[in-house]
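For reference, the structure discussed in these notes is given below.
Residue numbers (this note's numbering), protein chains in the order written: chain A, 6 to 393; chain B, 88 to 398.
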């Protein structure tokens with residue numbers, strides 16, 4: 006059940022070169038939806054009904070100041086290919102960075118945009134009006150053109166959101182909105198919690214926008230159960246929404262208010278026939294969950310800034326030999342949790358780890374690690390529950 | 088058996104993990120008899136530092152509980168791909184969990200994915216791929232070494248995973264995969280992955296897919312990236328990941344005269360005005376003194392939907 010068309014009410018990712026943004030198309034058909042891509046206005050609703058892929062920003066000929074519309078395109082032209090016949094230099098010995106190399110002013114460029122020139126045409130104008138372009142080295146020219154394309158490229162990718170893109174997007178926008186859960190750390194959580202179909206998993210999301218829950222739902226594709234464990238009514242679900250899950254893919258998701266679970270467990274224990282006054286029901290979804298039982302989960306993921314002492318309590322939901330992962334953006338709370346678990350003999354294979362991650366630029370004669378790097382992606386305490 | 092399904096108690100034939108401490112874990116297949124080097128069948132008794140364990144007695148025992156040895160005890164754990172990776176018999180250098188987890192996520196693997204892997208090696212990554220794609224997906228895995236294919240095939244059967252995987256002997260670079268328009272993802276861990284790129288393209292679905300190559304050396308990575316660009320792959324990214332592990336220790340630093348000093352004119356007594364010596368206590372997060380510094384470069388790329396495909 007793979008929906009590959011851009012539909013109303015669905016989320017899409019719009020990408021121009023390395024810039025990405027997340028948008029939701031309007032619920033109502035026929036409604037126009039204009040978004041900003043860099044400094045350009047784009048009518049996203051013009052892509053409705055088309056398959057995800059590459060689109061060209063197309064100008065309305067009559068009214069040049071209106072938003073661009075999107076036209077499916079297969080003819081992406083890279084500026085470095087288009088301008089490859091120009092001269093280039095040997096080195097930067099004669100190049101002086103005095104800010105006067107470019108003869109077009111800001112106003113001139115704005116005028117060109119207003120005249121309806123395409124991105125490629127504007128970049129060509131910039132190159133023609135640059136005093137230094139043809140004495141730059143080839144590599145320097147490529148870098149220059151790449152930089153200009155970031156701003157002016159007339160092609161965008163409309164992508165179907167997936168966990169890989171969303172994890173990167175949310176982390177790059179504002180890391181603490183997802184507790185600094187970097188994508189590679191998310192990948193480790195998925196392995197260490199033994200996420201697999203036909204398993205029963207519990208997630209306590211203390212501020213990750215539902216990223217881990219969405220990742221599990223995506224991995225298991227309807228086979229199994231994911232308990233969204235919550236205390237308060239603030240539901241973490243932005244990423245779950247952005248995934249455009251179908252009803253089948255959402256089927257495993259069940260909400261469990263921990264206070265209600267505690268009540269129903271007490272009830273069973275006491276064998277009460279009496280009517281217990283209904284606990285304050287905090288409505289998250291329309292689900293009426295079957296009671297969640299202690300010692301029933303195959304895997305548990307806890308994501309919060311203060312894992313003590315809730316993590317220890319939630320591990321009671323895990324079956325013996327079940328896997329747990331506790332993620333925290335800070336290491337100090339996890340030190341306490343680690344010591345706590347150790348002293349109580351709750352688990353074996355207890356490991357406190359941090360993931361180290363680096364991207365590389367791989368280009369002929371220009372291969373090196375990227376200049377910027379993530380300094381931290383959060384900490385993980387993982388282990389296997391045992392009965393001592 | 089217990090890889091495919093979560094069980095609460097051991098059944099005969101299951102592969103289980105006996106855990107003594109983080110450095111002493113063992114994967115054991117639960118069967119009453121075991122072959123000696125000479126080929127004779129003897130009672131399956133497993134020796135540990137804490138004594139012997141009659142393996143057949145594990146049948147019926149619960150996972151997550153203690154098991155007794157003749158001079159001590161350990162824990163009986165349910166197998167997972169992570170535990171298997173740490174305890175499998177190495178026939179080749181293997182991939183470990185940090186790289187494996189990144190590969191599974193960056194290839195967009197999920198239940199139902201069809202994956203091509205070459206080379207199979209010791210089956211470390213294979214087990215994690217199967218976990219991600221079961222019950223509706225399939226793994227086609229290839230290795231040019233006949234014996235390795237035989238050993239890994241037996242392991243898949245022992246672990247109850249044979250319906251999810253096909254292991255074949257094949258030289259991927261020379262002969263390709265004999266698959267067309269089939270795979271959602273291709274993984275290459277070969278000395279010369281650039282030679283298999285065309286074969287990978289043929290195996291990938293025309294509606295698009297993902298590719299990953301793992302290479303210890305930067306030269307291999309460079310050649311692979313050039314081949315990917317030339318073939319028309321998009322979103323080519325090269326990355327590496329490592330794990331830093333920490334110990335948690337309570338540290339006490341005694342107040343020793345060696346460090347008692349101040350430039351200002353004070354008496355020998357400390358700031359409190361008493362002569363009592365107090366140590367400093369704190370809980371420290373200690374990184375390991377030595378850690379794995381490099382495994383390999385992971386290169387990922389997207390095979391875009393081909394224009395021949397109608398939606």
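Built from N, CA and C at the ideal position, the CB exists for glycine as well. Keep in mind it's a predicted model, so treat the numbers as computed, not measured.
query, result
"Alpha carbon of residue 72(A) to alpha carbon of residue 225(B), nearest angstrom", "45 Å"
"Assigned secondary structure, residue 394(B) (DSSP; H/G/I helix, E/B strand, else coil)", "coil"
"Residues near residue 241(B) by beta carbon distance below 6 Å, same chain, minus five either side", "none"
"Straight-line gap, residue 363(A) to residue 216(A) (C-alpha atoms, nearest Å)", "22 Å"
"Nearest-angstrom Cα separation, counted from residue 346(B) out to residue 366(B)", "12 Å"
"Alpha carbon of residue 13(A) to alpha carbon of residue 339(A), nearest angstrom", "43 Å"
"Distance between residue 265(A) and residue 291(A) (C-alpha atoms, nearest Å)", "The predicted model places residue 291(A) with a pLDDT of 43, which falls under 50 and marks its position as unreliable; any figure quoted below should be read in that light. The straight-line gap from Cα to Cα measures roughly 15 Å."
"Contact set for residue 336(A): own chain, Cβ-Cβ below 7 Å, skip 5 residues either direction", "384"
"Sequence-distant residues of the same chain with beta carbon closer than 8 Å to residue 104(A), five excluded per side", "none"
"Cβ of residue 372(A) within 9 Å of any chain B Cβ", "yes"
"contact_flag[the region 129-136 of chain B, the region 181-200 of chain B] where n(CB pairs < 8 Å) is 3 or more", "no"
"Burial state of residue 299(A) (16 or more Cβ within 10 Å)", "exposed"
"Contacting residues, own chain, Cβ-Cβ under 6 Å from residue 127(A) (five flanking each side not counted)", "117 and 157"
"Per-residue burial, residue 42(A) [other beta carbons within 10 Å of its own, 16 or more giving buried]", "buried"
"Buried/exposed call for residue 188(A), threshold 16 Cβ in 10 Å", "buried"
"Check whether residue 300(B) and residue 274(B) have beta carbons under 9 Å apart", "yes"
"Cutoff 9 Å: residue 79(A) Cβ touching any chain B Cβ", "yes"
"Inter-residue Cα distance where the pair is residue 353(A) and residue 140(B)", "20 Å"
"Alpha-carbon spacing of residue 181(A) relative to residue 334(A), whole angstroms", "8 Å"
"Local Cβ density within 10 Å of residue 108(B), reported as buried at 16 or more and exposed below that", "exposed"
"Per-residue contacts from residue 343(A) into chain B (C-beta, under 7 Å)", "335"
"Test: residue 191(B) CB closer than 9 Å to a CB of chain A", "yes"
"Within chain A, partners of residue 215(B) - CB distance below 9 Å", "196"
"Cα-Cα separation between residue 124(B) and residue 279(B), rounded to whole angstroms", "37 Å"
"C-alpha distance - residue 114(B) paired with residue 204(A), whole-angstrom precision", "22 Å"
"6 Å CB neighbourhood of residue 219(A) in its chain, flanking five on each side removed", "244, 245 and 248"
"Residue 204(A): contacting residues in chain B (beta-carbon distance under 8 Å)", "93"
"Buried or exposed (CB count within 10 angstroms, at least 16 for buried), residue 262(B)", "exposed"
"Straight-line Cα distance separating residue 259(A) from residue 297(A)", "10 Å"
"Against chain B: residues of the region 82-111 of chain A by CB proximity under 8 Å", "none"
"Residue 44(A) versus residue 21(A): straight-line alpha-carbon distance, rounded", "12 Å"
"Cutoff 9 Å: residue 290(A) Cβ touching any chain B Cβ", "Here residue 290(A) scores only 46 on pLDDT, less than 50, and its place in the model should not be relied on; the value that follows carries that caveat. No - not a single Cβ of chain B is within 9 Å of the one on residue 290(A)."
"Ranges of the beta strand (DSSP E) found wholly within the region 264-299 of chain B, counting only runs of at least 3", "272-275"
"Contact with chain B by residue 193(A), beta-carbon distance below 9 Å", "yes"
"Under 9 Å by beta carbon: chain A residues contacting residue 305(B)", "365, 367 and 372"
"Classification of residue 138(B) by the beta-carbon crowding that lies within 10 angstroms, buried from 16 upward", "exposed"
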